[in-house]
Amino acid sequence: MKVIAKGNANIIIDYDDPLYLYRCLVRDSSLKINNLNTVENFKFLQKFKADEDNRLSYYLCTVELLQLQVNEIRDLLEEYITKFDTEVVYVFKLENLKPNYYDSLLWNDHFTRVYFSKEFSNKILIELKPKWIYYQSPYCRNCTHNQLKSRSNINYCYSHLVNNESYFFTNILGDLKHSLPPEFIISMESYMRGPKNIFKLLYETQKSLYVPLGTLNHSSEVDYNLLLLMALRDVTLFIEWDTSKDQHIYINFIDLDRKPSSKLSYWLKTHEKLEMFPDKVYH
């Protein structure tokens, strides 16, 4: 076993199965607290998945909650956890959405990665984070936040995809367009013209859940809808083009993580910084 990726709160573990991975929460120094939060997050995912009216739920990568003995992965956890106050560890077992044959990276920035396979010329994988694809402020929340964070190399915004399907190849992947198979571009542009592509569904869902953060004062006011909205603002999409399958475009998303209600104070501070920021970006 080995850790192959580390996020703000989770590690991804390769356990020698080419089809699946483990995801383990390491946000807290206590293993018991991480276990409790993992179980709560699983319930959160199950509730989202069970909502038949939510068309986004179809694209959520299925996860399985597993209980492992700590000794099985303690060597991996010791770098992140200092308090081993239980004998078990809960992990998510999830599909490996980036198979090993995606061995080359065409593009890599803070929000987008494009992979291809040296072995299979008919496969391309895009990993991306749309973030706040719906926003109600007069300024663009994504682009203004990038300015605030000094991300000067990001000159695109996924919110444009809702009304401009060609934006993907004119702006986001414009520098790569001549390096990509024409069939891939045709398939993607056809998908983006669809009335219910993943970006439009994400936009509609974020819009339906919208709550003005400035109206909240205490974490006790944070409800399921706001937690879902904040989770949907931080998901990771995987768009795979594979001509060997019946459909050429396959969509999944992960990282629908239930945030602690206590994060409201952080969200409000960020909102205040953006409101006061002088170099806002407008579209």
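Sequential numbering from 287 applies to the sequence shown in my numbering.
Idealized CB from N, CA, C, for every residue including glycine.
Asked                                                                                                                                                                     : Found
Do the stretch 481 to 495 and the stretch 510 to 519 meet, that is, are 3 or more Cβ pairs less than 8 Å apart?                                                           : yes
Mark leucine 543 as exposed unless 16 or more other C-beta atoms lie within 10 angstroms of its C-beta, in which case mark it buried.                                     : In the sequence as displayed, the identity of residue 543 is aspartate instead of leucine. The residue in question, aspartate 543, is buried, as its Cβ has 16 or more Cβ neighbours within 10 Å.
Give the secondary structure of tryptophan 527 by DSSP, where H, G and I count as helix, E and B as strand, and everything else as coil.                                  : strand
Under DSSP, the beta strand (DSSP E) around glutamine 355 begins and ends at which residues?                                                                              : 349 to 355
Can you list the alpha helix (DSSP H) stretches of 4 or more residues lying completely in the stretch 302 to 341, in chain order?                                         : 317 to 336
Does DSSP put aspartate 361 in a helix, a strand or coil?                                                                                                                 : helix
For threonine 456, count neighbouring Cβ atoms within 10 angstroms of its own Cβ and tell me buried if that reaches 16, exposed if not.                                   : exposed
Write down the C-beta distance between leucine 488 and leucine 518 rounded to the nearest angstrom, noting that I regard them as a contact closer than 8 Å.               : 7 Å
Output needed for glutamine 355: all residues of its chain with C-beta closer than 7 Å, excluding positions within five of it in sequence on either side, in chain order. : Glu373 and Val374
For phenylalanine 378 and tryptophan 527, what's the separation of their Cα atoms in angstroms?                                                                           : 26 Å
Going by DSSP in three states, serine 494 sits in which element: helix, strand or coil?                                                                                   : helix
What residue does the beta strand (DSSP E) around serine 390 start on, and which one ends it?                                                                             : 390 to 394
How would you write the range of the beta strand (DSSP E) that lysine 559 sits in, first residue to last?                                                                 : Taken as a continuous stretch (DSSP letters only), lysine 559 belongs to no beta strand (DSSP E), being part of the alpha helix (DSSP H) at 550 to 562.
Hey, would you say threonine 398 sits closer than 8 Å to lysine 566, going by beta carbons?                                                                               : no
Have a look at tyrosine 420 and isoleucine 410 and give me their C-alpha separation to the nearest angstrom.                                                              : 27 Å
Beta strand (DSSP E) containing isoleucine 535: first to last residue?                                                                                                    : 535 to 540
Which same chain residues, not among the five before or five after leucine 307, have their C-beta less than 7 Å away from its C-beta?                                     : Ile298, Ile299, Asp300, Leu380 and Asn382
Which residue's Cα is closest to the Cα of methionine 287: Trp553, Ile319, Asn357 and Tyr536?                                                                             : Asn357
Can you tell me which of Phe406, Leu305, Ser407 and Glu413 puts its alpha carbon nearest to the alpha carbon of valine 400?                                               : Glu413
So is glutamine 433 buried or exposed if we call it buried at 16+ other beta carbons inside 10 Å?                                                                         : buried
Tell me, which residues are paired with asparagine 296 by DSSP?                                                                                                           : Leu311
Would you call the stretch 539 to 558 in contact with the stretch 498 to 509, where contact means no fewer than 3 C-beta pairs closer than 8 Å?                           : yes
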